Amino acid sequence: MNKTAGISLETVFERLALDRIIKRLKELDVPADALTWHRFFGALLLALLVLLFLSGAFMSFYYSPSPGSAYDSVDYALFTVPFGDIIKGIHHYGWNLFLIVMGLHLVRGFWVGAHKPPRQLTWVSGVIILLLIPAFIITGDLLPWDQKGYWSTQVRISIMRSVPFVGDFMVRLLQGGPLTGIVALTRFYVLHILFLPVLLTFLLVIHFHFLIQRGLSDSLSGDNLSTKTVRFFPVMVNRWLILFLCVTLVLGLISWYWPAPLGDPADPTDSTYVPKPEWWVLFLNQLVSIFKGPLSVVGSVIIPGGLVGFLIALPFIDSSPERHPARRKMVMLVAAIIAIAVLALSIMGYLEHHV
Amino acid sequence: MRKRNQKESLHSKRRTFIKTTFLCSGAAILTGFPLVSYFIAPALKKATGKWVDFGAVEKLTPGSIEMLTYEFMVKDGWMVLPQRGFVWAKINKDQNIKVFSSTCTHLACNVIWQEESNQFICPCHSGRFDSNGKPVAGPPTKPLAMLKHKIEQDNLLVYLTF
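Protein sequences appear in the order of chains A and B. Under our numbering, the first residue of the first sequence is numbered 1, with each subsequent residue one higher. Under our numbering, the first residue of the second sequence is numbered 356, with each subsequent residue one higher.
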């Protein structure tokens, strides 16, 4: 079967010095518990990331990072190039789904105590990845140079500028000057397609390093599933491939029926355009609106900063070996309050800005 | 003898460590300094500004607040591009003029003058400013920026920074 023109596949692997790696992969066993459905959020994130990298890389073939031509280049790629709508749609719906699945991955990890010893740094590295994602959205949003992207960027830049002492410098550093023009657009583009993906890949390698070294978290039910094993290749790999095919198909179909939005070209003189906060930032936006005057720093810095601090410090706060949610009442209560507050603020924000 | 060997081995380890650290720092500085400077250089430039001509003062109606749009060419990096926007001019009955920036002091959306309520409103977070640019409702705490202006040869000139 493996013979091709008299040369076996094994010989090819040997010539390529891949034989040992292939052998190790073939013999690699993972706990059978890895096949549980809720353990696939991570794999789904990986599939989405591959799709985002691919669609993004291909979109760059038709993209021109200049305020005079960026919009037209995106419009051309979207409506003229074959499959342009699908590729942009996969990128657009892909990152939205990525945020949702990342939230589920985090909640699931918290629920089963995946941050407990010895996996503290698996959790922390995951939280750092989570914090990097908004940078992708901020830099990516401006690229089509449409009204939504331009004005959302103005709001974000203004928030950044309000940071005491260093705010103005940070804005100039990000934009490459005081203007949101060609230098800023080029910077955002290069950060979005080169520096941030390289950083994300590096962080993912660290996340996987801890995952491989510290292993998957044990099953909550405590049954003997974890003692049974399955082969990584082909069992796990095939599951991942099925997942990749399914998510590609679903995103492709969604993009086909509901093409990714592209608003009007950016117009800094437009006094009627009101940027609406996106769903993932509604709760933060609502916090900013609630705290007024001298208390505004509470909503814009203290609470979000506290939340980030809580996520990073969680493995060290909730460090008891007890992992069952029913026996971690205090930390569950705190998490529930945070989750309800985020949900309530998001609903309030949605009603205020989108209805 | 054994103790001496141990001591020497420790010294050798320390020497290797210092040497490698020194070389690493050198490599980091040598590559890092020009690269970091290259990246942050534009951020160190100071803001510039220019006087923009908004036309004849007599065209402005006394006792009103008017939107004045501008478009001028600005060199941004390697390209000269149009910079567009607008400001709000308040013309008092006595011809005294105040010019406000259109940028909301909360989160940088454009404020709009609403004749009926006699207020500037920001559509993003419902911030409101009175006709003198003072915040009266919503999240903004700072007044609208008042822009430097002058009248030369009967034309209104406003100093815009960018």
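Every residue, glycine too, gets a C-beta built ideally from N, C-alpha and C. Predicted model, so just to flag it, every value in this text is computed and none were measured.
Item	Value
Have a look at A/W240, A/L191, A/F110 and A/Q175 and flag the residue whose alpha-carbon is nearest the alpha-carbon of B/K400.	A/Q175
I need the DSSP call for A/T139, collapsed to helix, strand or coil.	helix
Taking beta-carbon pairs under 7 Å, can you tell me which members of the segment 472-501 of chain B lie near chain A?	P478, C479, H480, P494 and T496
Once you ignore the five residues that flank A/L284 on each side, which residues in its own chain have a CB closer than 7 Å to its CB?	P304
Contact criterion: CB-CB distance below 9 Å. Does A/M348 meet it with respect to chain B?	no
Using 8 Å as the threshold, is the segment 165-185 of chain A in touch with the segment 18-26 of chain A, meaning 3 or more CB pairs across them?	no
Could you check what DSSP says for B/T375 in three-state terms: helix, strand or coil?	helix
On the criterion of 16 or more Cβ atoms from any shown chain inside 10 Å, does A/A47 qualify as buried, or is it exposed?	buried
Out of A/R187, A/F165 and A/L106, point me to the one whose CA is closest to A/P315's CA.	A/L106
Nearest CA to the CA of A/F110: which residue from A/V334, A/D33, A/L282 and A/Y350?	A/V334
Would you identify the three-state DSSP class for A/H115, choosing helix, strand or coil?	coil
Can at least three beta-carbon pairs, one atom from the segment 266-276 of chain A and one from the segment 438-454 of chain B, be found at a separation below 8 Å?	yes
So B/I452 is in the alpha helix (DSSP H); what residue range does that whole segment cover?	That residue, B/I452, is in no alpha helix (DSSP H); its beta strand (DSSP E) goes I452 to S456.
Output needed in chain order: residues of the segment 371-390 of chain B with a Cβ under 8 Å from some Cβ in chain A.	none
In the DSSP assignment, find the unbroken alpha helix (DSSP H) run with A/P144 in it and report its ends.	Element bounds for A/P144: n/a, residue is neither H nor E.
Where does A/Y273 fall in DSSP's three states?	coil
Count the other C-beta atoms from every protein chain shown that fall within 10 angstroms of the C-beta of A/L45, then say buried if there are 16 or more, exposed otherwise.	buried
Which same chain residues, not among the five before or five after A/G252, have their C-beta less than 6 Å away from its C-beta?	I86
Write down every uninterrupted run of the alpha helix (DSSP H) in the segment 292-316 of chain A whose length is 4 residues or greater and which is fully enclosed by it, in chain order.	none
When the Cα atoms are used, what is the spatial distance from A/T153 to A/V112?	37 Å
The beta strand (DSSP E) that contains B/N511, what's its start and end?	Checking the displayed sequence, the identity of residue 511 of chain B turns out to be Leu instead of Asn. From DSSP, the beta strand (DSSP E) with B/L511 extends over N510 to T516.
Kindly list, in the order they appear in chain A, the residues whose Cβ is closer than 7 Å to that of B/F517.	P178 and L179
Beta-carbon of A/D146 versus every beta-carbon of chain B: anything under 9 Å?	no
Is any beta-carbon of chain A found at less than 9 Å from that of B/M428?	no
Secondary structure at B/L502, three-state DSSP: helix, strand or coil?	coil
Let me know the secondary structure DSSP gives B/K447 once reduced to three states.	The question names Lys, yet the displayed sequence has Asn at residue 447 of chain B. Three-state DSSP puts B/N447 in coil, outside helix and strand.
If we define contact as Cβ-Cβ less than 9 Å, is B/P417 a contact residue for chain A?	no
Applying a beta-carbon distance threshold of less than 7 Å, which residues of chain B neighbour A/L173?	I395 and A398
Please list, in chain order, all residues of the same chain as A/L220 whose beta carbon is under 7 Å from its beta carbon, the five residues on each side excluded.	V112, R323 and H324
With a 10 Å radius around its C-beta and 16 neighbouring C-beta atoms as the bar for buried, classify A/Q286 as buried or exposed.	buried
Taking Cβ-Cβ distances shorter than 8 Å, what residues in chain B pair up with A/P67?	L436
Note down, in chain order, each residue of its chain lying with its Cβ closer than 8 Å to the Cβ of A/L196, except the 5 sequence neighbours on either side.	L132, A135, F136 and T139
Please state the DSSP three-state secondary structure of B/E470.	coil
So which residues on chain B does A/S158 lean against when the C-beta distance must stay under 7 Å?	L462 and A463
Are three or more beta carbon pairs between the segment 237-245 of chain A and the segment 69-88 of chain A nearer than 8 Å?	no
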